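2 protein chains.
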Amino acid sequence: MRVTSDRKAETRGRILEAAGALFRSHGIDAVGVDAIMHQAGLTHGGFYAYFASKEALVAEVSAASLARAAARWERISQDADQATALERIVDSYLDPAHVAAAERGCMLTTLGPEMARRPESRGAITDSIRRMTDALARCLPGRRRQRALAALSAMVGAVVLARLSDNPALAAEFLGAARKAAGLR
Amino acid sequence: MRVTSDRKAETRGRILEAAGALFRSHGIDAVGVDAIMHQAGLTHGGFYAYFASKEALVAEVSAASLARAAARWERISQDADQATALERIVDSYLDPAHVAAAERGCMLTTLGPEMARRPESRGAITDSIRRMTDALARCLPGRRRQRALAALSAMVGAVVLARLSDNPALAAEFLGAARKAAGLR
DNA sequence: CCGGTAGCATGACGATCGTCATATGATAGT
DNA sequence: ACTATCATATGACGATCGTCATGCTACCGG
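Now the structure itself:
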């Protein structure tokens, strides 16, 4: 039973990963259960052996993805000194590669408004947002908390606006301006 | 023919308005053509006398709504002096009432990521974003353009994060931090 | 080697989607 | 007053959605 249980947990992880990528690429409502299962290498019917509903999957995917991002920022903010930690977090977020690879990008920028409309998910999401702002604050001088909230806002907004911009130069300008606003020169 | 043509244009406007509110409330893919027509006081079949497809409606709704927002910012930035114009634009955007009334809110915050996935809409959207940043820049001192890009990023991000926050106090903190980042004290 | 169970596949259900062909009804010009 | 036309309604189409009942297959414990 040990082996089979591991197998099931691994398959479950594949479904979560597939759903995360597809949701970020096309939006939550644009992706059906069959597309998710197919991307995970399975067929659609078995889905309900793993999740009670599509909504339950959505809640778990968003919570897990944001918790992972929060953990990464916490780790960076504790391992490195303030200046380099800030640089690593902000620069990887405001990287044109992040803008281009939405399917692996931060869910705040790919699914933020969609998640805001789903009340069941918002508790866990708020928790991760708190952890991210706290990690950012640890990297900042002065009025840390206010600066951290402003920095996260600018980072999320800049990535959204960069993805909306038809013109690559304008997109790069948003990223650069947010970088400066987050405390980097 | 004059009167009937006016009537048709007015009905068309009602459809656009209904679609705008429903898209912002529930997301583009979550709203069907029949829900839009019903909200406009009509039945679903007549839709295709006004728009070639749902996608065409989406493109027109997003372009029109953002163009109207851009025009409002331009008007404010020209009518008032720098300081009060900035205050009027930023404070109305970072108002808790804006966060609460998503169905009438700025589409950058309600549909930003969803519009970014629809290539047909992005040209007109980029144009409105340019007009908004230019209007903001007119209200700012110093390195105007960079400050305007950072301010718009922070404003969009703060409203998204405030809508995601389960806790009203945290939501208010995001709005306040972005207000400060936009140059208000 | 055998039986049972866990993991997944097959196939079907009602509902809803975007789209369109066609019918109805009111209005406007003659 | 008649009729042509335009704005909207009705109803249907194939496709796809989320969900579930059921069937197959392969591995595990004995």
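These protein sequence lines map, in sequence, to chains A and B. Per my numbering, the first sequence starts with residue 6, numbered consecutively. Per my numbering, the second sequence starts with residue 6, numbered consecutively. Quick reminder that beta carbons are idealized off the backbone N, C-alpha and C, glycines included. Predicted model, so just to flag it, every value in this text is computed and none were measured.
{"Query": "Beta-carbon neighbours of alanine 163/B, restricted to chain A and to distances below 7 angstroms", "Result": "Ser158"}
{"Query": "Collapsed DSSP secondary structure at leucine 180/A in the structure displayed", "Result": "helix"}
{"Query": "Contacting residues, own chain, Cβ-Cβ under 7 angstroms from arginine 12/A (five flanking each side not counted)", "Result": "none"}
{"Query": "Euclidean distance between Cα positions of alanine 153/A and tyrosine 53/A", "Result": "41 angstroms"}
{"Query": "Exposed unless 16 or more other CB atoms sit within 10 angstroms - verdict on glycine 117/A", "Result": "buried"}
{"Query": "Glycine 51/A and glutamate 119/A closer than 8 angstroms at C-beta", "Result": "no"}
{"Query": "Chain-ordered chain B contacts of alanine 151/A [CB-CB under 7 angstroms]", "Result": "Before going further, note that residue 151/A is glutamine rather than alanine in the sequence given. Those are Ala182, Lys185, listed as they occur along chain B."}
{"Query": "Partner residues on chain A for phenylalanine 179/B, Cβ-Cβ distance less than 7 angstroms", "Result": "Leu154, Ser158"}
{"Query": "Residues of the region 31 to 63 of chain B whose Cβ lies closer than 7 angstroms to any Cβ of chain A, in chain order", "Result": "His31, Gly32, Asp34, Ala35"}
{"Query": "Min CB distance alanine 23/A to chain B below 8 angstroms", "Result": "no"}
{"Query": "Serine 158/B versus serine 158/A - alpha carbon distance", "Result": "7 angstroms"}
{"Query": "Contact list for leucine 116/A against chain B, beta-carbon separation under 9 angstroms", "Result": "Pro118"}
{"Query": "Chain B contact residues for threonine 131/A, given Cβ-Cβ distances below 8 angstroms", "Result": "Leu169, Ser170, Asp171, Asn172, Leu175"}
{"Query": "Under 7 angstroms by beta carbon: chain B residues contacting glycine 128/A", "Result": "Asp171"}
{"Query": "Collapsed DSSP secondary structure at tyrosine 53/B in the structure displayed", "Result": "helix"}
{"Query": "Any chain B beta carbon closer than 8 angstroms to isoleucine 94/A", "Result": "no"}
{"Query": "C-beta neighbour in chain A for arginine 109/B, strict 8 angstroms", "Result": "no"}
{"Query": "DSSP three-state assignment for lysine 13/B, whether helix, strand or coil", "Result": "helix"}
{"Query": "Contact set for glutamine 151/B: own chain, Cβ-Cβ below 7 angstroms, skip 5 residues either direction", "Result": "none"}
{"Query": "Any C-beta of chain A under 8 angstroms from that of isoleucine 134/B", "Result": "yes"}
{"Query": "Residues near alanine 129/A by beta carbon distance below 6 angstroms, same chain, minus five either side", "Result": "Ala68"}
{"Query": "Glutamate 119/A - containing alpha helix (DSSP H), residue span", "Result": "112 to 121"}
{"Query": "Cβ of arginine 77/A within 8 angstroms of any chain B Cβ", "Result": "no"}
{"Query": "Which of helix, strand or coil DSSP assigns to isoleucine 33/A", "Result": "coil"}
{"Query": "Contact list for arginine 122/A against chain B, beta-carbon separation under 7 angstroms", "Result": "His31, Gly32"}
{"Query": "Cβ neighbours of serine 126/A in the same chain (closer than 7 angstroms, five flanking residues each side left out)", "Result": "Val63, Ala64, Ser67, Ala68, Met120"}
{"Query": "C-alpha gap between tryptophan 78/B and aspartate 96/B, whole angstroms", "Result": "12 angstroms"}
{"Query": "Alanine 45/A vs arginine 73/A beta-carbon contact at 8 angstroms", "Result": "no"}
{"Query": "Contact belief for leucine 189/B with glutamate 92/B at Cβ below 8 angstroms, rounded distance in angstroms", "Result": "6 angstroms"}
{"Query": "Below-8 angstroms beta-carbon distance, leucine 189/B vs any chain A residue", "Result": "no"}
{"Query": "Chain B within 8 angstroms of leucine 166/A, Cβ atoms only", "Result": "yes"}
{"Query": "Glutamate 60/A burial status per 10 Å Cβ neighbour count (16 or more: buried)", "Result": "exposed"}
{"Query": "Own chain partners of glycine 25/A with C-beta closer than 7 angstroms, once the 5 adjacent residues on each side are dropped", "Result": "Val66, Ser70"}
{"Query": "Reduced DSSP secondary structure (H/G/I, E/B, other) of arginine 148/A", "Result": "coil"}
{"Query": "Contacts around threonine 48/A, its chain only, beta-carbon distance under 7 angstroms, and the 5 residues preceding and following it disregarded", "Result": "Met42"}
{"Query": "Close-in-space but distant-in-sequence residues of the same chain around valine 36/B (CB under 7 angstroms, 5 per side omitted)", "Result": "Leu27, Phe28"}
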